[in-house]
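One point on numbering: in the UniProt record's numbering, the residue at position 211 of the sequence shown is 211, and numbering is uninterrupted. Working notes for the structure below.
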Amino acid sequence: MTEANSPQRRTDASPTALPVDEAADVAERIVENVERVIVGHHDVTEHIVTAILSRGHLLLDDVPGVGKTMLARSLARSIDCEFSRVQFTPDLMPTDVTGVNVFDERTREFEFRPGPVFGNVVLADEINRAPPKTQSALLEAMEEAQVTVDGETYELDQPFTVIATQNDVEADRTYELPIAEVDRFAKRLTLGYPSPEDESEVLRRVTGRHPIEELESVATAGDVLAARETVATVTAEEPVRAYVTRLANYTRDHADLGVSPRGSIALLRSAQARAVLDGRDYVVPDDVQAEAQSVLAHRVRTAASSGDASGRELIAEALESVPVE
Numbered sequence: 001m002t003e004a005n006s007p008q009r010r011t012d013a014s015p016t017a018l019p020v021d022e023a024a025d026v027a028e029r030i031v032e033n034v035e036r037v038i039v040g041h042h043d044v045t046e047h048i049v050t051a052i053l054s055r056g057h058l059l060l061d062d063v064p065g066v067g068k069t070m071l072a073r074s075l076a077r078s079i080d081c082e083f084s085r086v087q088f089t090p091d092l093m094p095t096d097v098t099g100v101n102v103f104d105e106r107t108r109e110f111e112f113r114p115g116p117v118f119g120n121v122v123l124a125d126e127i128n129r130a131p132p133k134t135q136s137a138l139l140e141a142m143e144e145a146q147v148t149v150d151g152e153t154y155e156l157d158q159p160f161t162v163i164a165t166q167n168d169v170e171a172d173r174t175y176e177l178p179i180a181e182v183d184r185f186a187k188r189l190t191l192g193y194p195s196p197e198d199e200s201e202v203l204r205r206v207t208g209r210h211p212i213e214e215l216e217s218v219a220t221a222g223d224v225l226a227a228r229e230t231v232a233t234v235t236a237e238e239p240v241r242a243y244v245t246r247l248a249n250y251t252r253d254h255a256d257l258g259v260s261p262r263g264s265i266a267l268l269r270s271a272q273a274r275a276v277l278d279g280r281d282y283v284v285p286d287d288v289q290a291e292a293q294s295v296l297a298h299r300v301r302t303a304a305s306s307g308d309a310s311g312r313e314l315i316a317e318a319l320e321s322v323p324v325e
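What follows is the structure in structure tokens.
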């Protein structure tokens, strides 16, 4: 695994799609490798892998110390690609994320020095500790896979995935993410505290050397790109697409802010990735239902309460109320 260092390097953007069983094998290898470090979060790990295969970004939201950063690091180590990390702090500037033009005294010209966003897996650690102006430095990168600095646009290598972590502890020292940025995260996930049995296993594994120190990659960037192409070929028939639309419209009818079309697209793509994970080349309603909470809940705002809890409740209601036809 190498450090991000040049905006000129390119990864093949149009690889050949893998057969579904081979793409499923890539996903399963990554899940199993991450679980050599992360204990008791199989569902979350699968959600992260399906997000990456569906070209999405992730927001890991929980209290400190439950393994958010370790999960992101384990995932990045499982894929042989460029990994970079940004520790978000109140004094972090947008150019500390995107990069900056620096005047070269030798050539008498400005030279672009890329920031840590020029990686394949970018960990934005404690993103809500930086002010909104710095948080927004990721908006263009997440939506368009490019960065514009001083009028010059630089494309980002593929695969490109942002994994951001945040917690609501010490709320007076954090900044709430703008809704427009939250909507760009395909999924919002939480880990929660481990069970006593899982925590005991964590303690056993970290006795001596931490398992992440010995974690090796089990897939390449090319594997991920090829698996993404497989996901893009998965069939989603009209009844499934209509079901996704009905779920989105239910939130719009029952919330102050419902799911955007971007959210509907993220749900369908996540369902395609879930189908591949299960070894199928077509989407079924169960795939949509498996992905709905993690993809849709953080996009919903209700008058009753703020935060993700009300969104989860509304999505649960939608899954109960909206018929599968």
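Ideal Cβ positions, reconstructed from N, Cα and C, are used throughout, including at glycine. Keep in mind the model is a prediction, meaning the values are calculated, not measured.
- Excluding its 5 nearest sequence neighbours in each direction, residue 84 has C-beta neighbours in its own chain below 6 Å: 4, 116, 119 and 122, listed in chain order.
- In its chain, beyond the 5 residues on either side, 61 and 62 have a beta carbon closer than 6 Å to the beta carbon of residue 190.
- Shortest Cα-Cα distance from residue 235 to any of 280, 137, 32 and 253 involves 280.
- Measuring C-alpha to C-alpha distances from residue 41 to each of 132, 66, 210 and 107 identifies 66 as the nearest.
- The way I'd put it, the segment 230–247 does touch the segment 262–281; three or more beta-carbon pairs between them come closer than 8 Å.
- Between residue 215 and residue 29 the beta-carbon gap is near 13 Å, outside 8 Å, which marks them as no contact.
- Within the segment 153–227, the beta strand (DSSP E) runs of at least 3 residues that lie entirely inside it are, in chain order, 161–166 and 187–189.
- Here the alpha carbon of residue 199 sits roughly 49 Å from the alpha carbon of residue 150.
- Within the DSSP bridge table, the entry for residue 124 names 86 and 164 as partners.
- Scanning its chain for C-beta atoms nearer than 8 Å, with the 5 sequence neighbours on each side dropped, one finds around residue 87 the residues 125 and 126, in chain order.
- Judged by DSSP in its simplified three-state form, residue 107 adopts coil rather than helix or strand.
- Residue 163 is classed as buried because its beta carbon has at least 16 other beta carbons within 10 Å across all chains shown.
- Taking residue 284 as the centre and dropping the five residues before and after it, the same chain places the C-beta of 240 and 275 closer than 8 Å to its C-beta, in chain order.
- With 16 or more other CB atoms across the displayed protein chains lying within 10 angstroms of its CB, residue 48 is buried.
- The beta carbons of residue 257 and residue 292 sit about 17 Å from each other, so the pair does not count as a contact at 8 Å.
- Annotated three-state conformation of residue 80 is strand, per DSSP.
- Looking at the DSSP output, residue 101 sits in a beta bridge with 112.
- In this structure residue 134 is buried. Its beta-carbon is surrounded by 16 or more other beta-carbon atoms within 10 angstroms.
- Cβ-Cβ separation between residue 265 and residue 37: approximately 31 Å, too far for a contact (criterion under 8 Å).
- Only residues of its own chain outside the window of five on either side were considered, and among them 219, 223 and 227 have a CB closer than 6 Å to the CB of residue 26, listed in chain order.
- A distance below 7 Å between beta-carbons, with the five flanking residues on each side excluded, links residue 17 to the following residues of its chain, in chain order: 226, 229, 230 and 233.
- In the DSSP annotation of this structure, residue 117 is not part of any alpha helix (DSSP H), being labelled neither H nor E.
- With 16 or more neighbouring CB atoms inside 10 Å of its own CB, residue 56 falls in the buried class.
- The continuous beta strand (DSSP E) containing residue 147 extends over residues 146–149.
- Residue 16 carries a coil assignment under DSSP once its states are collapsed to helix, strand and coil.
- According to the DSSP assignment, residue 58 belongs to the beta strand (DSSP E) that extends over 58–61.
- Each residue's CA atom was taken as its position, placing residue 100 and residue 178 some 24 Å apart.
- Following the DSSP letters along the chain, one finds residue 42 inside the alpha helix (DSSP H) bounded by residues 42–53.
- Between residue 155 and residue 145, the C-beta gap is smaller than 8 Å, which places the two residues in contact.
- In the structure shown, residue 92 falls within a coil segment according to DSSP collapsed to helix, strand and coil.
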